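Trainee: Next up is a structure, given as structure tokens.
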Amino acid sequence: MKIKKISENIWEIEKEEKMNVPGIIFASEKLMEQIKKEERTLQQIKNVASLPGIIKKSIAMSDAHMGYGFPIGGVAAFDLKKGIISPGGVGYDINCGVRLLTTNIKKSDFLAKRDQVLKELYKNIPSGVGEESEFKLTDKQIDEVLLKGSSWALENGYAEKEDVEKTEDSGCILGADPKKVSQKAKARGRKQLGTLGAGNHFLEVQEIDTIHDEKIAKIFGLNKNYLTIMIHTGSRGLGHQTASDYIQKMEKEYGFAHLPDRELAYAPIESKLGKDYRAAMSAAANFAFTNRQIITHQIRRSFKKFFPKSKIDVVYDIAHNIAKFEELKIDGKKQTLCIHRKGATRSFGPGRKEIPQIYRKIGCPILIPGSMGTYSFVLVGTKKAEEISFASTAHGAGRLHSRTYAKNNFKPEDLTKQLKDYNVAIKAGSIKSLLEEAPQAYKDVNEVVRVSHELGIGNLVAKLKPLAVVKG
Amino acid sequence: MKYKFLEHTADIKIQSFGKNINEVFENSVLAISEYISRGAKIKSIKEKSINITGENIESMYYQFLEEIIYLLDAEGFIASNAKITIKDNNIRGKILGDDSKNYKNLDHIKAATYAEMYIKKTPSGWQAQCVLDV
Chain L
14 MKIKKISENI WEIEKEEKMN VPGIIFASEK LMEQIKKEER TLQQIKNVAS
64 LPGIIKKSIA MSDAHMGYGF PIGGVAAFDL KKGIISPGGV GYDINCGVRL
114 LTTNIKKSDF LAKRDQVLKE LYKNIPSGVG EESEFKLTDK QIDEVLLKGS
164 SWALENGYAE KEDVEKTEDS GCILGADPKK VSQKAKARGR KQLGTLGAGN
214 HFLEVQEIDT IHDEKIAKIF GLNKNYLTIM IHTGSRGLGH QTASDYIQKM
264 EKEYGFAHLP DRELAYAPIE SKLGKDYRAA MSAAANFAFT NRQIITHQIR
314 RSFKKFFPKS KIDVVYDIAH NIAKFEELKI DGKKQTLCIH RKGATRSFGP
364 GRKEIPQIYR KIGCPILIPG SMGTYSFVLV GTKKAEEISF ASTAHGAGRL
414 HSRTYAKNNF KPEDLTKQLK DYNVAIKAGS IKSLLEEAPQ AYKDVNEVVR
464 VSHELGIGNL VAKLKPLAVV KG
Chain Z
2 MKYKFLEHTA DIKIQSFGKN INEVFENSVL AISEYISRGA KIKSIKEKSI
52 NITGENIESM YYQFLEEIIY LLDAEGFIAS NAKITIKDNN IRGKILGDDS
102 KNYKNLDHIK AATYAEMYIK KTPSGWQAQC VLDV
């Protein structure tokens with residue numbers, strides 16, 4: 014495989030063998046070294062490049078690592094007539110995403126009550142395995158959530174109007190069809206609305222540490238030294254089951270002998286199965302938007318107990334595992350494409366109709382969580398991203414070491430001390446699960462964000478420092 | 002050896018062994034049970050019957066693994082072991098285990114995957130490998 018550096022932070026895997034387009038990796042020298050260590054990540058970028066109807070390039074972001082089918086950090090756009098849609102290009106956790114909230118609470122006031130607030134959040138927002146939500150849904154209710162997304166939460170008093178407006182797609186992807194989601198998937202989701210789940214999902218109380226762009230930060234509602242709250246979770250078991258269901262349906266319908274990887278099962282976008290998957294994926298995405306909305310409701314409730322005058326607003330809510338129809342210019346001509354983002358965040362520059370009215374003049378907010386105990390970032394979308402990266406940018410730190418490695422090589426006492434030194438309070442299921450998510454197990458998020466900023470596919474707005482974390 | 006865990010950057014990779022194919026599938030359940038319970042012993046006081054039909058052996062294995070994940074998410078049932086019989090394209094039998102609420106700090110599995118999956122006969126018996134998304 015031939016890899017060459019085209020320009021600063023841009024690398025190309027030359028088109029060869031079955032590839033229809035070249036592979037492009039956006040990374041610094043340092044991150045490229047880490048990506049190259051995992052041969053399978055590079056092979057996955059090549060595999061995606063061989064899919065029918067792919068446009069221009071198979072992209073991997075600077076936080077890329079090995080996934081199933083597509084790499085994590087993978088972005089690919091497909092022609093609607095000749096192209097395909099693939100569950101392996103979205104991921105098992107459909108609409109895994111990030112929501113950021115701002116508050117009128119100052120850091121110093123929060124620190125005085127931190128332990129109590131953390132305890133309250135941990136109590137009201139179930140995390141980990143088997144923890145049931147207080148929002149158990151009937152068959153009818155679950156179908157409504159899948160169809161309406163955040164609007165369901167608004168109708169039932171769990172959302173404010175502005176929350177819905179400040180969510181990607183207004184928290185409801187049109188074309189979602191609950192009938193295309195299996196009973197099995199619904200059974201898994203029934204007790205999981207308003208829950209975080211386990212693994213790398215979290216809820217974090219942060220302080221706004223640095224403002225990089227005063228003007229834009231102000232429009233996003235970000236003021237230095239005030240608290241923000243970040244939610245990272247997705248569609249839970251409902252989404253996972255939907256992905257599995259359609260991988261199996263697609264390989265049954267179209268076979269798998271021709272695939273470079275069985276996880277790359279796909280269907281033509283225009284086929285019945287392709288349309289069914291899109292309708293089911295959109296429904297699962299709506300479940301995820303509603304999940305993060307219900308968690309927002311619970312956060313408000315928890316803070317009110319200690320800060321009766323607290324006001325908590327949504328900055329934005331983004332999906333980083335999703336496939337969407339979006340219009341971009343290809344060779345100077347406008348074209349609607351099916352853009353798969355698997356561990357990548359949408360980056361739209363000013364003017365796009367998809368951006369909420371209040372942000373439309375400046376571009377869409379981009380939310381990039383760091384690993385536990387490290388900084389998270391807010392960026393703003395750009396026209397440049399629309400030109401070079403199918404309106405996409407990175408999504409997080411990206412894993413560097415395995416969970417087994419983390420458990421065997423990091424010591425609980427070191428991690429506890431490290432988090433104490435950072436002044437981060439944590440509430441988690443067990444120290445074992447914390448160790449797996451130790452900051453050292455992840456790539457350097459500062460470097461990931463720097464690459465996006467330098468390339469101009471996401472401009473830095475603010476840096477957020479964790480103060481308290483809830484993990485499953 | 003009934004099973005072992007192998008190194009994987011983001012997720013978990015399991016190899017299972019057995020005298021015959023039934024045992025390989027059953028031993029995969031032991032591995033998953035150990036992972037989810039973080040090493041705690043799960044009691045075998047409840048059972049769920051299964052009946053899975055697949056197009057090929059990998060598809061049957063995938064569905065079998067999915068079933069264990071499904072039972073935890075949807076029915077709050079954590080598996081300890083399984084007794085199954087595979088015949089042609091069908092798996093029948095039961096999964097034994099307990100209510101998940103009787104255990105603390107369980108680990109999570111999102112989904113089964115086809116990544117690096119194989120099921121094969123070896124000179125010393127049968128062997129299978131799977132990667133689970135966690």
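Chains as they are written, first to last, in the numbering used here: chain L, 14 to 485; chain Z, 2 to 135. Using N, Cα and C, we set each Cβ at its ideal position, and we do this for glycine too. Because the structure is a prediction, the values reported are computed rather than measured.
(1) Alpha carbon to alpha carbon, what distance is there between E144/L and V88/L?
(2) Chain L beta carbons: is any one of them nearer than 9 angstroms to that of Y4/Z?
(3) Please say whether D99/Z and K44/Z have beta carbons closer to each other than 9 angstroms?
(4) Would you mind reading off the limits of the beta strand (DSSP E) that contains Y4/Z?
(5) Mind checking which residues open and close the alpha helix (DSSP H) that includes M61/Z?
(6) DSSP on A200/L, reduced to helix/strand/coil?
(7) Could you round the C-beta distance between A491/L and I85/L to whole angstroms and report it? I think they count as a contact, below 8 angstroms.
(8) Report yes if the CB atom of K136/L is closer than 9 angstroms to the CB atom of S315/L, and no otherwise.
(9) With a threshold of 9 angstroms between beta carbons, is M79/L in contact with chain Z?
(10) Which partner residues of E220/L appear in the DSSP bridge assignment?
(11) Which of helix, strand or coil does DSSP assign to F320/L?
(12) Any C-beta of chain Z within less than 7 angstroms: which residues of the region 104-131 of chain L qualify?
(13) Below 8 angstroms on the Cβ atoms is my guess for F148/L versus G210/L; work out the distance and round it to an integer in Å.
(14) If contact means a Cβ-Cβ distance below 9 angstroms, which residues of the region 73-86 of chain Z contact chain L?
(15) Would you say Q311/L lies against chain Z (beta-carbon separation less than 9 angstroms)?
(16) Can you give the Cα-Cα distance for G81/Z and Y104/Z, rounded to whole angstroms?
(17) With a threshold of 8 angstroms, are at least 3 pairs of Cβ atoms found where one atom belongs to the region 264-277 of chain L and the other to the region 221-238 of chain L?
(18) How far does the beta strand (DSSP E) with A438/L in it extend, from its first residue to its last?
(19) Looking at the structure shown, is L31/Z part of a helix, part of a strand, or coil, going by DSSP?
(20) Check each residue of the region 414-425 of chain L: if its Cβ is closer than 9 angstroms to any Cβ of chain Z, include it; give the result in chain order.
(21) Let me confirm a value: H271/L is counted as buried when at least 16 other C-beta atoms fall within 10 Å, else exposed. Which label applies?
(22) Is it true that the region 157-165 of chain L meets the region 181-193 of chain L, where meeting means three or more beta-carbon pairs spaced less than 8 angstroms apart?
(23) Measure the alpha-carbon distance for L7/Z versus L113/L and round it to whole angstroms.
(24) Do you know offhand how far F18/Z's Cα is from A172/L's?
(25) Quick check: the region 108-123 of chain Z against the region 77-96 of chain Z, are at least 3 beta-carbon pairs closer than 8 angstroms?
(26) Bridge partners of Q130/Z, per DSSP?
(27) Can you find a C-beta in chain Z that's less than 9 angstroms from the C-beta of S402/L?
(28) Starting from N103/Z, follow the beta strand (DSSP E) in both directions and report where the run begins and ends.
(29) Between which two residues does the beta strand (DSSP E) holding I118/L run?
(30) Is there a C-beta anywhere in chain A that falls below 9 angstroms from the one on Y62/Z?
Mentor: From the atom records:
(1) Position 75 of the first sequence, counted from the start, is the residue given in the question as residue 88/L. Position 131 of the first sequence, counted from the start, is the residue given in the question as residue 144/L. When rounded, the distance between both Cα atoms is 34 angstroms.
(2) By one-based count along the second sequence, residue 4/Z stands at place 3. No, Y4/Z does not count as interfacial toward chain L.
(3) Position 43 of the second sequence, counted from the first residue, corresponds to residue 44/Z. Position 98 of the second sequence, counted from the first residue, corresponds to residue 99/Z. Cβ distance < 9 angstroms, so K44/Z and D99/Z count as in contact.
(4) Walking along the second sequence from the start, residue 4/Z turns up at place 3. That run of the beta strand (DSSP E) goes Y4 to L7.
(5) Taking the first residue of the second sequence as 1, we reach residue 61/Z at position 60. Where M61/Z is concerned, the enclosing alpha helix (DSSP H) stretches over I58 to E76.
(6) Against the first sequence, residue 200/L aligns to sequence position 187. Here A200/L sits in helix by DSSP.
(7) Here chain L covers residues 14 to 485 and nothing more, so residue 491/L does not appear.
(8) As a first step, residue 136/L is located in the first sequence; it is residue number 123 there, counting from the start. As a first step, residue 315/L is located in the first sequence; it is residue number 302 there, counting from the start. Judged by beta-carbon spacing, S315/L lies within the 9 angstroms limit of K136/L, meaning their Cβ atoms are closer than that value.
(9) Counting from 1 along the first sequence, the entry for residue 79/L is found at position 66. Interface residue, yes.
(10) Taking the first residue of the first sequence as 1, we reach residue 220/L at position 207. L240/L and K478/L.
(11) Indexing the first sequence from 1 puts residue 320/L at position 307. Coil.
(12) Correct list: Y105 and D106.
(13) Indexing the first sequence from 1 puts residue 148/L at position 135. Indexing the first sequence from 1 puts residue 210/L at position 197. Wrong, their Cβ atoms sit about 15 angstroms apart, outside the cutoff.
(14) Only L73, D74, A75, E76, G77 and I79 from the region 73-86 of chain Z bring a Cβ to less than 9 angstroms from some Cβ of chain L.
(15) Within the first sequence, residue 311/L is the residue found at index 298, counting from 1. The beta carbon of Q311/L does not come within 9 angstroms of any beta carbon belonging to chain Z, so the residue lies off that interface.
(16) Residue numbering aside, residue 81/Z sits at position 80 when the second sequence is read from its first letter. Residue numbering aside, residue 104/Z sits at position 103 when the second sequence is read from its first letter. Note on identity: in this sequence residue 81/Z is Ser, with Gly being the wrong assignment. Approximately 12 angstroms, taken between the alpha carbons.
(17) Judged by Cβ distances under 8 angstroms, the region 264-277 of chain L makes no contact with the region 221-238 of chain L, as fewer than three pairs qualify.
(18) The residue labelled residue 438/L in the question sits at position 425 within the first sequence. Taken as a continuous stretch (DSSP letters only), the beta strand (DSSP E) holding A438/L covers A438 to K440.
(19) Within the second sequence, numbered from 1, the residue matching residue 31/Z stands at position 30. Here DSSP, grouped into helix, strand and coil, assigns L31/Z to helix.
(20) If the cut-off is 9 angstroms between Cβ atoms, the region 414-425 of chain L has H414, S415, R416, T417 and Y418 near chain Z.
(21) Taking the first sequence and counting its residues from 1, one reaches residue 271/L at position 258. Exposed is the call here.
(22) The region 157-165 of chain L is in contact with the region 181-193 of chain L.
(23) If you number the second sequence from 1, residue 7/Z lands on position 6. If you number the first sequence from 1, residue 113/L lands on position 100. Cα to Cα, L7/Z sits roughly 36 angstroms from L113/L.
(24) Start at 1 with the first residue of the second sequence, and residue 18/Z comes out as number 17. Start at 1 with the first residue of the first sequence, and residue 172/L comes out as number 159. Near 51 angstroms, if we compare the C-alpha coordinates of A172/L and F18/Z.
(25) Note that the region 77-96 of chain Z does not touch the region 108-123 of chain Z; fewer than 3 beta-carbon pairs, one per stretch, sit closer than 8 angstroms.
(26) In the second sequence, counting from the first residue as 1, residue 130/Z sits at position 129. In the DSSP secondary-structure assignment, Q130/Z is bridged to Q16/Z and Y119/Z.
(27) Within the first sequence, the letter at position 389 stands for residue 402/L. With 9 angstroms as the cut-off, S402/L does not count as an interface residue toward chain Z.
(28) Here the question's residue 103/Z lines up with position 102 in the second sequence. Neither: N103/Z is in no beta strand (DSSP E) and is coded neither H nor E.
(29) Here residue 118/L refers to the residue found at position 105 when the first sequence is read from its first residue. Taken as a continuous stretch (DSSP letters only), the beta strand (DSSP E) holding I118/L covers G110 to K119.
(30) Absent from the structure: chain A. Protein chains present are L and Z.
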